[in-house]
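Here is the structure we will look at, set down as C-alpha cells.
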Amino acid sequence: MSKAKKEVRLGRAGEVPRTNAPMPKSRAEARPTVRVSSDIRQMRLAAEAHLLASPEIEIYQSNASPGELVSIARSSARNSPGDHASAGGPVIVPVSRAVLREFMSTAMTWLREDASGKEVPTLPPQPVVDAMLASGSWPFPVLAGIVQVPSLRPDGTVLDSPGYDARTGLYFAPARGVSFAPQAASPTHDEALSALEALREVIVDFPFESPHDESAALAAMLTPLARGAFEGCVPLFCVDATTPGSGKGLLVDCCALLATGRSAPRVAPTANDEMEKRITACLRALTPILLIDNVDRPFGGSAVDAMLTAPTWLGRFLGSSSMSEMPNRMLCFITGNNIRLLGDTPRRSIRIRLAPPTERPAERASFRHRRLLPWLERERGRLVAAALTVVRAYICAGRPAVAEGTMGSFEGWADLVRATLVWLEQPDPLRAWHEAQAVCGDDEVLSMRVVLRSLFTLRGESGFAVREVIEDLERGGRPVDAGATESTRLELREALASLVPESSESRLDARRLGRVFANYRGRPMDGLKLVPDVLGSARLGARWCVTELNHGESP
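Numbered according to my numbering, the sequence shown spans residues 531 to 1085.
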C-alpha cells in the first residue's frame, strides 16, 4: 500500500478532486495538504474547500451581517440552579483573522519548501487568511440563527435533527439535559386542545384582566416556536399592568425560557436615535427575543414602528459609515404600568393586560408553581412539544379559515398563530389588538377622536375653519344639534387644548391646530372622518367638515 500523503492538486478553477488516501497513521496524516505557493487565489480556494469539508470546523456566512464570516461558540459553563441567563448556551461569533488562521491550520496541513528543497509544515500564510476574509464570496452555508428547541419550518415540518438545517439556515443545538418528546405525524384537534391545556398551566397564576388577555399571552408563547412557519413580521407584545409587581417581566421570561432556554435579554427604553442603534445591534446579533423593560413614558417612534413592520432592516453598524441590510425575525416585548403608545405603534401592538386584585401583588404567596421559572425549566421538553402540537394540528387540518379579518402588516402571524387559537375555540387575540389601539393609543389620537365626535355633534356636516371653531367656543355659539349640551363644548375645548399648548393669553393657536387637523385628513375614526370643505370660503384659512363614513367604508 502506498504511503503517499493525501494531497491537493488544483486544476484551473481551483477544484479539489477526491483522492484515495491510505489509512492514516495520525490525525495530521488524515488532513488534506496545501502547498504554499505564490498563487494566493488558488490557495484560498483550496482552503475554503477543505474548511467546508472538515468535520472539525463550523464556519458560516452571516445572514445578519452580509460579507462577514461567523462561527458557533460553545461555553462549558453551566447555569447555576435558578440562573436563567445565557451561560452555557451556544452563541454566534464573528470569525477574526486569528480564529480563521487557527481554523485553516486545524483543517489542513500547510507545507513549504525549506532552503534544501525539503517540504516542512508551516502556518497558513497571512495573505491567504486576509484574502479569504475580504472575499465576500464563499462556499460556506448561510447561518440564519441558533435554536435550542425543535422548531417549525415553512412547510410545517419540524426541525428536530441536531446540527445545521439547510432548509432553514438554522442550527439546532439541543439544550443540555432537555429531552423533547417526538411529534405525532398528524396531531388532531383534540390532541391540540390537550396540549393547549398543558401550556395554560404555565400562565395559570397570572392575573389577566380578561380572557382575551390570556389568549394573547398564549399567542406570545406560541409565536417564537412557530416563527419559522410564517413569513413577515411579528407584532409588538405590550405586557401592561395596573400595578407594579404584577408579573409582567416574569410572563415575558416564561415565553423566552420556553423558546430559547434563557430569560429575555433586556434593554431600557430610550430616545428614537439610540433605539435605532440598539435595534441594529440586536438584529446583527440575531437576537430572537428582546424585552424593552419598564416603559414609563409614551412609547413608540419611527425606529420602533419601522422595526415592527420591516422584514428587512437597513442599519449602520457601530464604527461603519456604510448601511447594511439584515433580516428582521425578532420578537419584541415591552413591559410597563398603564402603558401609553405613540403614533402608529398601537396598530402594531398586541396588549396583554394584568390586573391583580391586591394593592401589593409582589407579596402574594399562593401559587400553583411557587418558583415558576425553575419548574418551567424542568418541564420544558414536555411544554415545547405541547406548543408544537398545538400549531401543527392546525397546519395538518389544512389551515382552515376560522376567523374574519386579519392584522394588517402581520398577516402571516395572524393567519397561523391567531388562527390556531381561534380554531381551538379560544378568545380572538385580535381583540387585544383592538384594545391596544383604543386604550393604549397616543394621547393625540384619543383627543382627535373626541374632537371629531364633538364637532359632528355641534356642527353636523357643515363646513368650518379652525378659527371659527375657536371663536364659537369663546362666544358660546349655538350647536346645530339642539340636544348638544355645554359639556360637549367643554369636551371639545379640552380636547383641542390637549392638541396644542395654549398661548400666554390662554387662547387656542388656530395655526397649529390647523396643522394637526391636516395630519388627520381623511382618516376614519369612530365612524367619522375629517375632510376638506372645498365649497366654503377660505377667508379664515383652510376649511374642514366632519362627515360620516359612507356605507361600506371601514370604521
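Cβ coordinates follow ideal geometry from the N, Cα and C atoms, glycine included. Computed from a predicted model, the values in this text were never measured in an experiment.
Within 10 angstroms of the Cβ of Ser793, are there 16 or more other Cβ atoms? Answer buried if so, exposed if not. buried
Under a three-way DSSP split, which group does Ile676 fall into? strand
Beta-carbon gap between Ile882 and Asp735 smaller than 8 Å: No; because the gap between Cβ atoms is not below 8 Å, this pair is not in contact.
Beta-bridge pairing of Ser854 - partner residues as DSSP gives them: Gly845
What are the start and end residues of the alpha helix (DSSP H) that includes Arg683? No alpha helix (DSSP H) holds Arg683; DSSP gives it neither H nor E.
On the DSSP letters alone, give me the boundaries of the beta strand (DSSP E) that Thr865 sits inside. 861-867
Alpha-carbon to alpha-carbon, Thr563 and Thr549: For Thr549, the predicted structure reports a pLDDT of 37, less than 50, and the residue's modelled location is therefore unreliable. A value from the coordinates is still provided. Looking at the two C-alpha atoms, the distance is approximately 11 Å.
Span of the beta strand (DSSP E) around Gln591: 590-592
Extent of the continuous beta strand (DSSP E) to which Ser832 belongs: That residue, Ser832, is in no beta strand (DSSP E); its alpha helix (DSSP H) goes 832-839.
Looking at the unbroken alpha helix (DSSP H) that takes in Leu726, where does it start and where does it end? 719-730
Where does the unbroken alpha helix (DSSP H) through Lys807 begin, and where does it stop? 802-814
Spatial neighbours of Pro651 within its chain, please: CB distance less than 7 Å, with the 5 preceding and 5 following residues excluded, ordered by chain position. Thr639, Trp640, Leu641
Classify Thr698 as helix, strand or coil using the three-state DSSP reduction. coil
Other residues of its chain near Glu588: CB distance less than 7 Å, five sequence neighbours each side excluded: Ser601, Ile602
Return the bridge partner residues of Pro624 from the DSSP annotation. Val600
I'd like the list of long-range same chain contacts for Val782, defined as Cβ closer than 7 Å, with 5 residues on each side in sequence excluded. Val769, Ala794, Leu821, Phe863, Thr865
Between the CA atoms of Ser740 and Glu721 - distance to the nearest angstrom: Between the C-alpha atoms of Glu721 and Ser740 there is a straight-line separation of about 25 Å.
Taking 8 Å as the cut-off, does the region 703-718 touch the region 879-898 (at least 3 CB pairs, one atom from each stretch)? no
If you run the structure through DSSP and keep just helix, strand and coil, what is Ala995? strand
Quick one: Cα of Trp963 to Cα of Leu630, how far? 48 Å
Rounded Cβ spacing between Val921 and Leu752 (contact assumed at less than 8 Å): 6 Å
Can you look up Pro547 in the DSSP assignment and give me helix, strand or coil? With a pLDDT of 35 at Pro547, under the threshold of 50, the predicted position of this residue should be treated as unreliable, though the coordinate-derived value follows. Under the three-state reduction of DSSP output, Pro547 falls in the coil class, being neither helix nor strand.
With distances taken from CA atoms, which of Ile869, Arg814, Pro828 is nearest Gly845? Gly845 has its Cα closest to that of Arg814, out of Ile869, Arg814, Pro828.
Grouping DSSP H, G and I as helix and E and B as strand, with all else coil, what is Met1055? strand
Just verifying my parser: in three-state terms, what is the DSSP assignment at Glu649? strand
If you run the structure through DSSP and keep just helix, strand and coil, what is Val914? In the structure shown, the three-state DSSP call for Val914 is helix.
Reduced DSSP secondary structure (H/G/I, E/B, other) of Arg1073: strand
Looking only at its own chain, which residues have a Cβ that is under 7 Å from the Cβ of Ser1028, when we skip the five neighbours before and after it? Correct list, in chain order: Asp973, Ser977.
If we ignore side chains and look at the alpha-carbon of each, how far apart do Val1076 and Val980 end up? 12 Å
Excluding the five sequence neighbours on either side, which residues of its own chain have a C-beta within less than 6 Å of the C-beta of Val677, listed in chain order? Leu700, Phe702
Proximity winner among Leu872, Trp953, Arg757, relative to Asn858 (alpha-carbon distances): Arg757
What first and last residue would you give for the beta strand (DSSP E) that runs through Ser691? In the DSSP assignment, Ser691 falls outside any beta strand (DSSP E) and carries neither an H nor an E.
Could you compute how far the alpha carbon of Lys555 sits from the alpha carbon of Pro712? The pLDDT assigned to Lys555 is 46, lower than 50, so where the model puts this residue is not dependable; a value taken from the coordinates is nonetheless given after this. Approximately 41 Å between the Cα atoms of the pair.
Pairwise C-alpha distance: Tyr924 and Thr950: 6 Å
Is any beta-carbon of chain B found at less than 8 Å from that of Leu1043? The question asks about chain B, but that chain is absent: this structure has only one protein chain.
Looking at Pro680: is its Cβ nearer than 8 Å to the Cβ of Asp690? Taking C-beta atoms as the reference points, Pro680 and Asp690 count as a pair closer than 8 Å.
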